[in-house]
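Report on one structure; see the data block that follows.
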Amino acid sequence: MQDPEGPARHEQPSPGKEPDERTKPFGGRVLWLVGILLLLGLLRLFEPDSQLAGLQDWISALGPWAPFAFVLIYLFASIAALPGSVLSILAGVLFGSLWGVIWVSLASTLSAGVCFLLARYFARGLVESRLRQRPLFRKLDALTAQNGVLVVAIARLAPVFPYALVNYGFGLTRVPFWSYLLTSWICMLPGTVVYVIGADAFKQMLAGGSVPWELVGLTLAMLPLLYLLGRFASRSLSKVDKSDKR
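Shown next, in the form of structure tokens:
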């Protein structure tokens, strides 16, 4: 009987035969976000106020169930391994900066925990069969065996491991659940703030015609921080990887 808490077996690929699995640089994520926000700005040319108001009216009609519906949608999207960034932007539009950050933070942390538990206890064989072929998972598995929570933090901050790989992948490792969950929550917050507040700023600009400079300034101030965190995490990952190979 397989021990759900036991380490996943390390399969060493043959030298020179490992697929070249490359990931987007951190700047690519920032540019992707900027592109989304610029698209929202261009929508002003088509006077989307009525559509935006209609969407907000629909959310308002749900009353106290609106946040619950959003969290549930986010959860199912994460289980399906869909990116949560679009939903984070939507939360900024629908709930504003403060509550948007709160609901996205809750939804992303809950989703991270559910996917972790699914991989560890309920769908281990299925998840393992899907991830075992990926070189990035083998690297994640090997690094986590020695460095645990540090690798969780690095994986959340560095643009190296895809979101779904992190959520499910750590469930196959020895990382304690609560340590994983707390670290994930803290390290996902900076990105959440950028997506949500940036979307809220553009929504206010579209709806009111004036630029909410305080929100724009906060978003622009967070982008360098997010970039530096990603760079730091990427370098830390390289150091951890080198130390494990000694």
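In terms of the working numbering, the sequence shown has 237 at position 237, counting the first letter as 1, and numbering is strictly consecutive.
Positions of the beta carbon are idealized from the N, C-alpha and C atoms, including for glycine.
Can you tell me the Cβ-Cβ gap for Thr173 and Ala153, rounded? I've got them flagged as a contact below 8 angstroms. Not confirmed; about 14 angstroms, so no contact.
Helix, strand or coil for Gln133? Go by DSSP, reduced to three states. coil
Cα-Cα separation, Val127 to Gly92: 32 angstroms
Closest by CA to Ala77, which one among Ala158, Arg156, Asn167, Trp178? Asn167
Classify Phe70 as buried or exposed, calling it buried when 16 or more other Cβ atoms lie within 10 Å of its own Cβ. buried
Compare the Cα-Cα distances from Ser129 to each of Tyr180, Val101, Ile79, Gly169 and report the closest residue. Gly169
For Thr192 versus Val114, is the C-beta distance shorter than 9 angstroms? no
Is it right to say Asp57 is buried, meaning 16 or more other beta carbons lie within 10 angstroms of its own, or is it exposed? exposed
Going by CA-CA distance only, name the one from Pro190, Ala107, Ser60, Gly217 that's closest to Phe202. Gly217
Select from Ala123, Trp213, Ser60, Ala107 the residue whose C-alpha is nearest the C-alpha of Ile197. Trp213
Measuring CA to CA, which of Leu110, Thr144, Leu98 is closest to Leu247? The question about residue 247 has no answer, for the chain in this structure spans 1 to 246.
Using three-state DSSP, classify Leu228 as helix, strand or coil. helix
When DSSP labels each residue in this structure, what does Gly217 get in the three-state scheme? helix
Own chain partners of Ser105 with C-beta closer than 8 angstroms, once the 5 adjacent residues on each side are dropped: Trp185, Met188, Leu189, Thr192
So what's Thr173 in DSSP terms, helix, strand or just coil? coil
Where do the ends of the alpha helix (DSSP H) carrying Pro212 lie? Per DSSP, Pro212 belongs to no alpha helix (DSSP H) and is neither H nor E.
At the level of alpha carbons, what is the spacing between Arg221 and Gly125? Sequence check: residue 221 is Ala here, not Arg. Roughly 43 angstroms separates the two Cα atoms.
Name the residue from Pro83, Leu94, Ala119 whose alpha carbon lies nearest to the alpha carbon of Ser60. Leu94
Run of the alpha helix (DSSP H) containing Leu118, from where it starts to where it stops: From DSSP, Leu118 is part of no alpha helix (DSSP H); its letter is neither H nor E.
Any beta carbon from chain C within less than 9 angstroms of Leu110's own beta carbon? Here there is only one protein chain, and chain C is not present.
Considering only C-alpha positions, which residue in the set Leu165, Leu131, Val194, Leu228 is nearest to Gly96? Val194
Cβ shell of Ala119 (< 6 angstroms), same chain only, five flanking positions each side left out: Val127, Tyr168, Gly171, Leu172
Answer with buried or exposed for Leu62, where buried requires no fewer than 16 other C-beta atoms within 10 angstroms of its C-beta. exposed
What is the DSSP secondary structure of Leu94, reduced to helix, strand or coil? helix
Starting from Phe68, trace the alpha helix (DSSP H) in both directions and tell me its first and last residue. 66-79
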